[in-house]
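Here is the structure we will look at, set down as structure tokens.
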Amino acid sequence: MNELSSPAALDDILDAFNNPENALRLNEAKEAAGNDMLRMMQIVFPLTTQIQMEVITKYGFTGDGDGIIRFAQTLKLLEKQDAQVAELNSQLRSTIMPQMAAPEAPLCAPEPS
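Position one of the sequence shown corresponds to residue 10 (the numbering used here), numbered consecutively onward.
Below, the structure written as structure tokens:
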């Protein structure tokens, strides 16, 4: 993958997430995880990784964990050089790990026992 193919790869991944079947699976996973970050990591993240692995093979990466890591490293380098890649990668990251609401902090510290 190079500067020319990286926007296409990111577009393909985002399109795969929006594919009706995958979108349904992702919505169900996000609903099951709720607002629990640990459950997001256990349920949603593996699903998004699986969808990405199906796409990145078209761009010369292996469809496994090593391929995903190399793909992410390549994007990290390319996004510094290309604003379009940076924007698409930001969209990808927000799809993979959406913002979670922070738990409410107590107004004061509990009294020691």
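Don't be surprised by glycine CBs; every beta carbon is placed ideally from N, CA and C.
Check, Outcome
"Cβ separation of Asn98 and Leu19, assumed to be a contact under 8 angstroms, to the nearest whole Å", "6 angstroms"
"Sub-8 angstroms separation of Ile78 and Thr58 beta-carbons", "no"
"Lys85 - DSSP class collapsed to helix/strand/coil", "helix"
"Neighbourhood of Ala25 by C-beta distance below 8 angstroms, restricted to the same chain and skipping five residues each side", "Asn31, Ile60, Gln61, Glu63, Val64"
"Phe54 in three-state terms, based on DSSP", "helix"
"Simplified DSSP assignment, three categories, for Phe80", "helix"
"Contact check, Leu86 vs Ile22, beta carbons under 8 angstroms", "no"
"CA-to-CA distance, Met106 to Arg48, given in whole angstroms", "12 angstroms"
"Own chain residues within Cβ distance below 8 angstroms of Phe54, not counting five before or after", "Ile105, Met106"
"Cβ-based burial, Leu103 [other Cβ within 10 Å; buried from 16]", "In the sequence on display, residue 103 carries Ser and not Leu. Classification of Ser103: exposed, given that the 10 Å Cβ count is below 16."
"For Met106, the three-state DSSP class (helix, strand or coil)", "coil"
"Classification of Ala17 by the beta-carbon crowding that lies within 10 angstroms, buried from 16 upward", "exposed"
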